[in-house]
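These notes concern the structure reproduced below.
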Amino acid sequence: MTEDAIQRYAIRVGYTEKDLEKFKDGGHRTRQVTKLSEAAAQYSIQATVIDARHCNTGHKPGQTFILDVDGNFITKRCPNKMCAYLISQMIIPIALINERLSEGLDPNPFHFMRVVHCLDAGVDCQGYGQVTIEIKVIPRVA
Numbered sequence: 105m106t107e108d109a110i111q112r113y114a115i116r117v118g119y120t121e122k123d124l125e126k127f128k129d130g131g132h133r134t135r136q137v138t139k140l141s142e143a144a145a146q147y148s149i150q151a152t153v154i155d156a157r158h159c160n161t162g163h164k165p166g167q168t169f170i171l172d173v174d175g176n177f178i179t180k181r182c183p184n185k186m187c188a189y190l191i192s193q194m195i196i197p198i199a200l201i202n203e204r205l206s207e208g209l210d211p212n213p214f215h216f217m218r219v220v221h222c223l224d225a226g227v228d229c230q231g232y233g234q235v236t237i238e239i240k241v242i243p244r245v246a
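Numbering-wise (the numbering used here), the sequence shown opens with residue 105 and increments by one.
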């Protein structure tokens with residue numbers, strides 16, 4: 105499975121044979137690609153708006169964003185408009201989820217940044233609005 109997953113990945117991203125040899129150095133990348141390819145069939149990442157006040161983009165509580173385990177948005181399962189100031193805050197939680205999956209661990213019990221806020225400080229703090237999302241791993245959504 106490991107070599108198959110690595111070959112499929114190399115083809116998908118356009119690696120040359122030389123790129124593939126460099127990619128395999130160290131082993132951490134091959135472990136991650138292999139483990140994430142296994143997890144991709146089982147899991148999706150879900151970010152749910154749990155609070156939203158005065159959002160210019162229109163995000164509302166209950167709205168969800170669905171991503172694959174690589175951190176790619178599944179656009180048909182996301183709002184039509186997505187705020188860059190909000191989705192940029194998903195980077196660390198997604199990296200933590202990726203790390204846990206690549207180590208064969210349960211992806212959900214990570215400690216930091218399960219809940220994140222957009223970068224806007226809100227009207228009370230000289231800003232405009234504020235949106236809060238919760239990020240977790242769920243069974244795969246097709």
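Where a beta carbon is used, it is the ideal one built from N, C-alpha and C, also for glycine. Being a predicted model, the structure only gives us computed values, none of them experimental.
Query, Result
"Bridge-paired residues (DSSP) for residue 150", "170, 240"
"Spatially closest choice to residue 141 from 168, 194, 155, 206, by CA coordinates", "206"
"Nearest residue (CA-CA) to residue 155, options 212, 164, 178, 173", "164"
"Supposed close pair residue 159, residue 235 - CB separation, criterion 8 Å", "5 Å"
"Distance, residue 223 Cα to residue 192 Cα", "9 Å"
"DSSP state of residue 132 mapped onto helix, strand, coil", "helix"
"Segment contact, 8 Å Cβ cut-off, at least three pairs: the region 111 to 118 with the region 143 to 157", "no"
"C-beta atoms of residue 146 and residue 244 nearer than 8 Å", "yes"
"Residue 221 - partner residues in DSSP beta bridges", "236"
"The alpha helix (DSSP H) enclosing residue 202, as first and last residue numbers", "195 to 206"
"Selected residue, minimal CA-CA separation from residue 197, among 123, 238, 134, 126", "238"
"Residue closest to residue 173, alpha-carbon to alpha-carbon, out of 210, 231, 221, 124", "210"
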